[in-house]
Amino acid sequence: MSQSEPTITVSTKRGSIACVGLGMTLGSHLTPLARSHIQQADVVFAALSDGIVELWLQRMHPDVRSLQPYYAPGKSRLKTYREWVDVMMAEVRAGKRVCAVFYGHPGVFAWSPHKVIEAARAEGFTALMEPGISAEDCLYADLGIDPGRFGCQHFEASQLLFYERQIDPSAYLVLWQVGVVGNPSIARPDQNVAYRELLVEVLARDYPLDHEVILYRCATLPIEKPRVRRMTLQELT
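Structure, rendered in structure tokens:
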């Protein structure tokens with residue numbers, strides 16, 4: 159009398175993650191491919207610019223989980239971003255099809271998307287990034303700047319201070335995150351006056367104090383206009 163071999167069921171379901179960008183302006187910049195990733199996901203994580211955008215995203219998927227609650231006053235942003243990676247990877251390891259949605263371009267000035275893709279691929283999961291329209295793209299359109307005309311340099315403001323980057327004053331200079339200059343790891347923008355003064359001092363090595371600078375913030379809602387404020391370098395303090 160022969161005994162049949164035990165039946166072993168092997169699951170072929172594997173988790174995956176797609177990091178997509180919503181662009182900067184609500185409803186205007188979302189690509190069809192990014193929308194498809196959102197709608198076909200089992201779970202959607204969201205790191206967006208405000209609650210209105212999150213509510214709009216919830217109309218596209220029934221299980222949208224905001225990453226904003228991981229922020230806390232005085233808490234290291236890097237710790238928060240690592241927690242984002244951990245919570246997203248937990249769902250990938252559980253076999254879920256995960257979509258992580260970020261405002262702008264998911265790979266521009268964003269630590270977590272790169273790290274979660276790196277972690278997922280290292281463990282053999284499918285992971286990809288779909289580009290989105292970033293604040294840089296909006297800046298070129300709103301200010302009428304062509305980066306190919308004179309060349310264009312981009313620096314995170316604190317990076318410019320701490321690593322003594324060399325500036326070419328003949329090219330455009332774009333500084334990111336001036337609002338938290340000098341203190342990139344802790345979300346305390348109210349305590350950076352001294353660092354702004356230091357930033358002006360560093361920039362004054364290459365530009366006169368009456369040189370025009372532009373504070374720019376792109377529109378995030380269709381009813382908004384971009385914020386464009388012109389001032390002298392000295393007034394930046």
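Numbered according to the numbering used here, the sequence shown spans residues 159 to 395. The C-beta atom is built at its ideal place from N, Cα and C for all residues, glycine as well.
Local conformation of residue i per DSSP, three classes
| i | result |
| --- | --- |
| Y330 | strand |
| C296 | helix |
| S169 | Because S169 sits at a pLDDT of 36, beneath the cut-off of 50, its placement in the model cannot be relied upon, and the following sentence gives the value as read from the coordinates. The answer is coil: DSSP assigns S169 none of H, G, I, E or B. |
| I303 | coil |
| L286 | strand |
| H263 | coil |
| H312 | strand |
| A345 | Only weak support exists for where A345 lies, its pLDDT of 47 falling under 50; the value from the coordinates is given anyway. It is coil, neither helix nor strand. |
| A258 | strand |
| I381 | coil |
| G209 | helix |
| A428 | Shown here, the chain extends from 159 to 395; a query on residue 428 therefore has no answer. |
| P164 | At P164 the pLDDT is 46, less than 50, meaning the model places this residue with poor confidence; the figure from the coordinates comes in the next sentence. P164 falls in the coil class under three-state DSSP. |
| L394 | helix |
| S186 | coil |
| V245 | helix |
| E359 | helix |
| G253 | coil |
| Q324 | coil |
| E276 | helix |
| A352 | helix |
| Y228 | helix |
| Q335 | coil |
Sub-8 angstroms separation of residue i and residue j beta-carbons
| i | j | result |
| --- | --- | --- |
| V202 | H219 | yes |
| G209 | G262 | no |
| W334 | A315 | yes |
| A377 | T183 | yes |
| V245 | F283 | no |
| L357 | L319 | yes |
| G340 | Y321 | no |
| C177 | I275 | yes |
| A285 | I175 | yes |
| D364 | Q392 | no |
When the options are compared against residue i, the one with the closest alpha-carbon
| i | options | result |
| --- | --- | --- |
| L331 | T183, H312, I196 | H312 |
| G290 | E393, A176, A192 | A192 |
| Y374 | L206, A285, D368, K383 | K383 |
| A293 | G181, S174, A176, R235 | G181 |
| D326 | R279, G309, E212 | G309 |
| A278 | A329, K254, A268 | K254 |
| R217 | P231, Q197, D304, L236 | Q197 |
| T395 | D364, P380, V360 | V360 |
| L225 | A252, H195, S270 | S270 |
Bridge partner(s) assigned by DSSP for residue i
| i | result |
| --- | --- |
| M389 | V371 |
| C177 | A258, M287 |
| V222 | V202 |
Whole-number beta carbon distance between residue j and residue i, since they are thought to touch under 8 angstroms
| i | j | result |
| --- | --- | --- |
| L215 | V259 | 6 angstroms |
| D295 | V386 | D295 to V386, Cβ: 16 angstroms. No contact. |
| G265 | M287 | 6 angstroms |
| A199 | R223 | Wrong, their Cβ atoms sit about 11 angstroms apart, outside the cutoff. |
| E212 | Y228 | Actually they do not touch by this definition, with Cβ atoms about 14 angstroms apart. |
| P305 | G185 | Contact doesn't hold; Cβ gap of about 27 angstroms is too wide. |
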